[in-house]
Each structure stands twice: as C-alpha cells, then as structure tokens.
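Numbering (the working numbering), first residue to last: 906 to 1013.
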C-alpha cells in the first residue's frame, strides 16, 4: 500500500514512529511557513497547557476548527483552538493524575 503513495510522513510520539499516509499530487504547492499549535519547536515535553508528554492520538474537528489530543504522560485530554493557535489548551478530561475518579483518567 505505501509503495503507491507519493509521500509518507512519520509522526514521532513517545519514541515510536507512526506512518501517516497522505496521498499528494506531484502538482501540490506547500506553504513555506508553519505554526506550532502545541509542543515546542525544540521538542521539549512537559505538563503545562502548551506542552505534552507522550501524546497518543489526535482528532481534528473541522467544522469547529479544534484539535483534540490525548496526552498519555499527563493523563489528560486537551482541546486546542485552531482559530487562535497562540492560545493554550483547554483540559476537557483528566489532569488530576491517574485514577478512576470522575476527574481522572486511567492509563492502565
């Protein structure tokens, strides 16, 4: 399957690389600028609302222009606004350590 694609991009998370397959036309023109939505350009991890520790999944909600990210290392799920990429995330679940209480996530 990968041999038929024009490009394969790798996403590095928690020491693993996951292939992200995006078919791209040879006529595609890419923007020469990028915006960091979360994380650091230096690759630092952390527990602030702009840093992640071992992200394990992302969901893009196009109609609402938000990105939802599972932050395994911090036991939380964060929501990032793509309308204001310089803002910090909103915690939508967890962030109170690992556990089974209503304000916690279990990562076991």
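Positions of the beta carbon are idealized from the N, C-alpha and C atoms, including for glycine. All values reported here derive from a predicted model rather than from experimental measurement.
Taking a contact to mean a Cβ-Cβ separation below 8 Å, would you say residue i touches residue j in this structure?
i	j	result
residue 1009	residue 980	yes
residue 978	residue 958	yes
residue 965	residue 972	yes
Taking the alpha-carbon positions, what's the residue i to residue j distance?
i	j	result
residue 915	residue 939	Summary for residue 915: the model assigns pLDDT 45, below 50, so the residue's position carries little reliability, and this model does not support an answer.
residue 908	residue 997	A caution first: residue 908 carries a pLDDT of 44, below 50, which makes its placement in the model too unreliable to give a value.
residue 1001	residue 1007	10 Å
residue 933	residue 952	37 Å
Using the beta-carbon count (16 or more within 10 Å), is residue i buried or exposed?
i	result
residue 968	exposed
residue 1003	exposed
residue 994	buried
residue 974	buried
residue 982	buried
residue 976	buried
Pull the bridge partners of residue i from the DSSP assignment, please.
i	result
residue 971	966 and 986
residue 996	983
residue 1003	1010
By Cβ distance below 8 Å, which residues in the same chain neighbour residue i in space, the five residues on each side in sequence not counted?
i	result
residue 956	943, 944, 945, 949 and 950
residue 970	986, 987 and 988
residue 963	972, 973, 974 and 975
Which residues in the same chain have their Cβ closer than 7 Å to the Cβ of residue i, if we skip the five residues on either side of it in sequence?
i	result
residue 999	980, 981, 982, 1009 and 1010
Keeping to the same chain, check which residues put their C-beta closer than 6 Å to that of residue i; ignore five residues upstream and five downstream.
i	result
residue 961	975 and 977
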